[in-house]
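*Asks:* Mind having a look at this structure? Questions to follow.
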Amino acid sequence: MREFSSMSSLTEKDRPIVQLLLNAGTCPRCILRFCSVGSQMLYRHPYKDLMKVLKEFLKNNPKKEDTVCFDVVDPPCKRIRLEHPEEGPEDLNHNGALQQNPQVNDENTAVEDLAAKVCNVCLGILQEFCEADFVKKVCQKVNSADYQFTSFVFSVSLPPQLSVRERAAWLVLKQEMRNLGLSLSKDDIVQLKEAYKWIIHPQLSEELGVPADGKSLFEVSVVFAHPETDEECHFLATACPDCFKPAKNKQSVFTRMAVIKALEKIKEEDFLKHFPCPPSSPKNLCVALEIQCNNGAVFVAGRYNKYSRNLPQTPWIIDGERKLESSVEELISEHLMTEFRADSFNFSSSGREDVDVRTLGNGRPFAIELVNPRRIHFTAEEMKGLQQTINTSSDKIQVRDLQLVTREAIGRMKEGEEEKTKTYSALIWTDKAIQKEDIAFLDDIKELKLDQKTPLRVLHRRPLAVRCRIIHTMRSEYIDEHHFRLHLKTQAGTYIKEFVHGDFGRTKPNIGSLLNRTADILELDVESVDVDWPPTLDN
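Each residue of the sequence shown is one higher than the last, beginning at 2 in this note's numbering.
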């Protein structure tokens, strides 16, 4: 008997599984899965060696408790349990009877022929796609994409019909084991994805020079398809129509999860009537439709000052037409996109100012999510240099405290937004002449409560509601008979322009009603956004 030395083994109880599946056209690694072999190392042995071991296992005298040993160190997984035969459907195949499989003869003709066959269960996933040539193809794709990464996570998308074929193989094995007074649970079978990753992870790791890590943000993904057997799931839609409903962004209703749901629901008798058990061998291998790489998003935060009264925070586009040539978002993100080599970005900030409002003081906190960046490692000096690049590229904005942050940290920018305070400076005009003493009383008003209906100017994008806001303090600065400057400290979310002119009575009280005259706002500046984030840097 061929011995790989050590003690994870097939025993006499595995003989009917090995015999039946080999004759049905199943590959050695899938046979190990159905034998509940949980040793990762075993699956990594060369395909031909595994085939030879299984042949020799079947040659041995079936009357004694034979054991075949492999070179493994992992403990065995779940084993087949000796039980009383359980109740189940009659021995049926798709025509009404379970297919009988020939015994392996002395010459092992069926086993010899199997080496050239595509596995009837995994459709070649655990055959050709575990070999060095495919691993090199994946790594060439990764290296050509030119990502920065220090580890990787490998994901694989399998054709949904593999679940159908696995169910068919399990049903015929279950019937065979029942006849022998044994049982084989679905849960005892090692998952195909799991076995595939056991085999391919160390190969990818060696070729890429970095470890596989389930928590890595760098993902290498492979999408497999098998056009020849695509229609094998279709009978499930007739048997379980509720499981297959059209969904957005899905090209087919036959998703892996929908198929699994249907397989859990369909009766064994119905399955056996519609699908051959064991499944037939296909002519062709699976194909790798896509080999893709993706880096987890990187987050950059900082504060920006806006010095222009003709610059929106985000692109100003109405009915597909751009109204202004740039925006705060674009002036910052274009440099980040270039340096991080990202696919796209998402901009967020602690509030926003109107196109004609400046943001002064220590600036407004912002964060940018950079999607699928090729470069992810930046030193503090490099981030400082990137900040300088942004600041020298435009006189309309400046950024400070530019830094890498975590996704979780961005939540601090949004926490309790309405409880935060902001300070403003407003240049106000009145229709009637005023003297300094006419506005002095404003300085004594504290915690003024406002009722603000959604302003007319934003009603097209905000729901109609009455919002209660608070003006904490005001300080007036007389200029001339028709102008004064008002410094305000307010609850975040207060509409300052409407507090000045009243918005046709939609904001009450307002400066106009307090002064008993018409008032309007000529200029508005944000002087501070009192959010203690992101951390201040020594710039």
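Yeah, the Cβ is synthetic: ideal placement off N, Cα and C, and Gly gets one too. These figures come from a predicted structure and were not determined experimentally.
Give me the Cβ distance between Ala427 and Leu489, rounded to the nearest whole Å; I'm assuming they're in contact under 8 Å.
*Replies:* The Cβ separation is near 7 Å, so the contact holds.
*Asks:* Taking the continuous beta strand (DSSP E) assigned at Gln399, which residues delimit it?
*Replies:* Residues 398-406.
*Asks:* Nearer than 8 Å: is that true of the beta carbon of Ser529 relative to any heavy atom of the ligand FMN?
*Replies:* You won't find the ligand FMN in this model; it holds no ligand whatsoever.
*Asks:* With DSSP collapsed to three states, give me the class of Gln176.
*Replies:* In this structure, Gln176 counts as helix in the three-state DSSP scheme.
*Asks:* Grab the span of the beta strand (DSSP E) containing Gln293 for me, first residue to last.
*Replies:* From DSSP, the beta strand (DSSP E) with Gln293 extends over 288-296.
*Asks:* Taking buried to mean at least 16 other C-beta atoms within 10 Å of its own C-beta, is Val74 buried or exposed?
*Replies:* Any reading at Val74 must be qualified, since the residue scores a pLDDT of 45, below 50, and its modelled position is unreliable; the value itself is stated next. Val74 comes out exposed.
*Asks:* Rounded to the nearest angstrom, what separates Leu273 and Ser222 at their Cα positions?
*Replies:* Straight-line Cα distance between these residues: approximately 34 Å.
*Asks:* Could you spell out where the beta strand (DSSP E) holding Gln453 opens and where it closes?
*Replies:* Its beta strand (DSSP E) spans residues 449-454.
*Asks:* Which residues does DSSP pair with Met475 in a beta bridge?
*Replies:* Leu489, per the DSSP bridge assignment.
*Asks:* Go to Trp430, then tell me how far its beta strand (DSSP E) extends in each direction, as first and last residue.
*Replies:* From DSSP, the beta strand (DSSP E) with Trp430 extends over 422-431.
*Asks:* Within the chosen definition, does the stretch 281-299 reach the stretch 180-197 through at least 3 CB pairs nearer than 8 Å?
*Replies:* As far as the Cβ criterion goes, the stretch 281-299 does not touch the stretch 180-197, which means the pair count is below three.
*Asks:* In this structure, does DSSP put Tyr496 in helix, strand or coil?
*Replies:* Of the three classes helix, strand and coil, the one that applies to Tyr496 here is coil, per DSSP.
*Asks:* Please report how far the alpha carbon of Glu208 lies from the alpha carbon of Thr380, in whole angstroms.
*Replies:* Near 28 Å, if we compare the C-alpha coordinates of Thr380 and Glu208.
*Asks:* Check whether the stretch 337-348 and the stretch 363-374 touch, using three or more Cβ-Cβ pairs below 8 Å as the test.
*Replies:* Yes: the two stretches touch, three or more of their Cβ pairs being nearer than 8 Å.
*Asks:* Cutting at 6 Å between CB atoms, please list the residues of its own chain near Ile190, excluding the five before and the five after it.
*Replies:* Only Arg34, Phe35 meet the Cβ criterion.
*Asks:* Within 10 angstroms of its Cβ, does Thr393 collect 16 or more other Cβ (buried), or is it exposed?
*Replies:* That one is exposed.
*Asks:* For the putative contact between Thr422 and His378, defined by C-beta atoms under 8 Å, what is the C-beta separation to the nearest angstrom?
*Replies:* Rounded, the Cβ-Cβ distance is 37 Å, inconsistent with contact.
*Asks:* What is the DSSP secondary structure of Gly1, reduced to helix, strand or coil?
*Replies:* This structure leaves residue 1 out entirely; the chain is present only between 2 and 540.
*Asks:* Using a Cβ distance threshold of 8 Å, determine whether the stretch 356-371 contacts the stretch 304-311, with at least three qualifying pairs required.
*Replies:* With the cut-off at 8 Å, the stretch 356-371 and the stretch 304-311 touch.
*Asks:* Where does Ile318 fall in DSSP's three states?
*Replies:* Three-state result, Ile318: strand.
*Asks:* Does any residue of chain C bring its CB to less than 9 Å from the CB of Glu438?
*Replies:* Note that chain C does not occur in the displayed structure, where there is just one protein chain.
*Asks:* If you draw a straight line from the alpha carbon of Glu482 to that of Leu403, how long is it in whole angstroms?
*Replies:* So the two alpha carbons sit approximately 44 Å from each other.
*Asks:* Does the Cβ of Leu465 have 16 or more other Cβ atoms within 10 Å, making it buried, or fewer, making it exposed?
*Replies:* Result: exposed.
*Asks:* Do three or more CB pairs link the stretch 312-326 to the stretch 381-392 at distances below 8 Å?
*Replies:* Flag = no, the stretch 312-326 and the stretch 381-392 do not touch.
*Asks:* Starting from Ser206, trace the alpha helix (DSSP H) both ways and give me its first and last residue.
*Replies:* Here the alpha helix (DSSP H) through Ser206 covers 193-209.
*Asks:* How far does the beta strand (DSSP E) with Glu524 in it extend, from its first residue to its last?
*Replies:* Its beta strand (DSSP E) spans residues 520-530.
*Asks:* Measure the alpha-carbon distance for Ser351 versus Ser40 and round it to whole angstroms.
*Replies:* Those two C-alpha atoms are separated by around 52 Å.
*Asks:* Report back the beta-carbon spacing between Asp231 and Gln149 to the nearest angstrom; my notes put them in contact at under 8 Å.
*Replies:* About 38 Å; that fails the 8 Å criterion.
*Asks:* If I measure Cβ to Cβ from Arg413 and keep anything under 7 Å in the same chain, skipping five residues before and after, which residues do I get?
*Replies:* Once the five neighbours on either side are set aside, the close Cβ partners of Arg413 are Trp534.
*Asks:* Work out the CA separation of Ser477 and His484 for me, nearest whole Å.
*Replies:* Taking the straight line joining both Cα atoms gives about 11 Å.
*Asks:* Note down, in chain order, each residue of its chain lying with its Cβ closer than 6 Å to the Cβ of Arg257, except the 5 sequence neighbours on either side.
*Replies:* Closer than 6 Å at the Cβ level, and outside the excluded window around Arg257, lie Pro161.
*Asks:* According to the neighbour-count rule (16 or more other Cβ atoms, all chains shown, within 10 Å of its Cβ), is Pro1 buried or exposed?
*Replies:* Lying before the first or after the last residue shown, residue 1 is absent from the chain, which here runs from 2 to 540.
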